[in-house]
Amino acid sequence: MPELPEVETVANGVHQRVHGQTIVSVWTSNKPQTFKSSPEEIAEVLTGARIDRVHRVGKTIVADLSRKGGTKSARPGSPGAQFLVHLGMTGRLLVSSPETEVPAHTHAILTLSGGKELRFVDARRFGRLSVTTEVYGGPGQEPLTISNEDFIALFRNRKTPIKAALLNQSLLHGVGNIYADEALFHAGIRPRRQAGRLTRDELMRLRAALVKVLKHAIKLGGSSVSDYVDAEGVAGFFQLHHRVYSRTGQPCRTCTTPIERIVVGGRSTHFCPTCQK
Numbered sequence: 056m057p058e059l060p061e062v063e064t065v066a067n068g069v070h071q072r073v074h075g076q077t078i079v080s081v082w083t084s085n086k087p088q089t090f091k092s093s094p095e096e097i098a099e100v101l102t103g104a105r106i107d108r109v110h111r112v113g114k115t116i117v118a119d120l121s122r123k124g125g126t127k128s129a130r131p132g133s134p135g136a137q138f139l140v141h142l143g144m145t146g147r148l149l150v151s152s153p154e155t156e157v158p159a160h161t162h163a164i165l166t167l168s169g170g171k172e173l174r175f176v177d178a179r180r181f182g183r184l185s186v187t188t189e190v191y192g193g194p195g196q197e198p199l200t201i202s203n204e205d206f207i208a209l210f211r212n213r214k215t216p217i218k219a220a221l222l223n224q225s226l227l228h229g230v231g232n233i234y235a236d237e238a239l240f241h242a243g244i245r246p247r248r249q250a251g252r253l254t255r256d257e258l259m260r261l262r263a264a265l266v267k268v269l270k271h272a273i274k275l276g277g278s279s280v281s282d283y284v285d286a287e288g289v290a291g292f293f294q295l296h297h298r299v300y301s302r303t304g305q306p307c308r309t310c311t312t313p314i315e316r317i318v319v320g321g322r323s324t325h326f327c328p329t330c331q332k
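The numbering of the sequence shown is this note's numbering, which starts it at 56 and goes up by one.
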């Protein structure tokens, strides 16, 4: 599943290509698994709306919409409208020319005033599309901006392994398996250690490592280890810089000890038994 850096990359790419444009028409496949809002409601809210901004909240791509005259949303008097795209396991949000062949498993096509199309493609249909008139804030706190004190408070007295706690979206939204493993490696912390028993210094080190890893991954366009591509269909490059994730049995790039794989909270987890304590 695309994580924070991949979703950020897609959102930024879509914003650069479509912000300020109006949605002229909306086509949907009407496949029920794909839509949290009904296709009819999505078409009603989106058609005629201007895309003011596309950004990321957690693992969700959020498009802020407005209409002529300043009224936000298709419903008069509503406080605002947003189009929410969750990529799921295999979802792609692509900005394409109309003459480009429509990929199989395309579930939504937004025709834009600038002549391009915004297409949502999802082979496995774990992604979700919806609209809302509430400001979407995400389920947890933002990893890139959370303060040291707030970060430390998240894990206080928690008995779960730190790896599982990092994946808890109600605590930190956007962090997934890849970047939890990589951040724990850079912080020198083993994934099975109890979150509530980590020292203040260790948690501060973990926060710094997480921010560093996430920002580096965003700079490199994310990690393409499965189906992920950006808004133009281009793969990311951060997978070339993974230190532990999916490197089971390979030598640690710091100490040459073979990387080990375990299961924590039902998730495949990778670490160096020498560099991580």
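Glycine included, each C-beta is placed from N, C-alpha and C at the ideal position.
Using a Cβ-Cβ cut-off of 6 Å (strictly less than) and excluding sequence neighbours within five positions of R72, which residues of its own chain qualify? V150
Along the beta strand (DSSP E) that carries Q137, what are the first and last residues, could you check? A136 to H141
Label C330 either buried or exposed according to how many other C-beta atoms from any shown protein chain fall within 10 Å of its C-beta, with 16 as the threshold for buried. buried
F326 - DSSP class collapsed to helix/strand/coil: strand
My parser needs the beta strand (DSSP E) runs of 3 or more residues fully inside the stretch 150-184; what are they? 161-167 and 172-176
Under 8 Å, do V109 and A118 count as touching if we go by C-beta distance? yes
Taking just the CA atoms, how far does T303 sit from H74? 42 Å
I want to know whether the stretch 146-163 touches the stretch 59-70 - three or more CB-CB distances under 8 Å. yes
Buried or exposed (CB count within 10 angstroms, at least 16 for buried), V157: exposed
In three-state DSSP terms, what is G132? Its pLDDT being 33, under 50, G132 is placed unreliably in this model, and the value from its coordinates should be taken loosely. Three-state DSSP puts G132 in coil, outside helix and strand.
Less than 8 Å between the beta carbons of P60 and G277, yes or no? yes
Taking Cβ to Cβ, would you say S185 is nearer than 8 Å to K91? yes
Three-way DSSP call (helix, strand, coil) for T83 in this model: strand
Look at T324 and K218 and say whether their C-beta atoms are less than 8 Å apart. yes
Among T155, E315 and R111, nearest to F138 - alpha-carbon criterion: R111
Look at the alpha carbon of A136 and the alpha carbon of G192, and state the distance between them as a whole number of angstroms. 13 Å
Let me check understanding here. Comparing Cα to Cα, which of K114, G103, H141 and I116 lies closest to K123? G103
Considering only the alpha carbon of each residue, which of S152, K114 and S80 lies closest to N223? K114
To the nearest whole angstrom, what separates the beta carbons of G182 and G143, a pair I think is in contact under 8 Å? 3 Å
Using the DSSP secondary-structure output, state which residues sit across from R316 in a beta bridge. H325
Determine the DSSP secondary structure at P216, reduced to helix, strand or coil. strand
Quick check on K127: does DSSP put it in helix, strand or coil? Confidence is the limiting factor: at K127 the pLDDT is only 45, short of 50, which leaves the residue's position unreliable, though a coordinate-based value still follows. DSSP places K127 in coil when its eight states are reduced to three.
Pairwise C-alpha distance: K86 and T161: 10 Å
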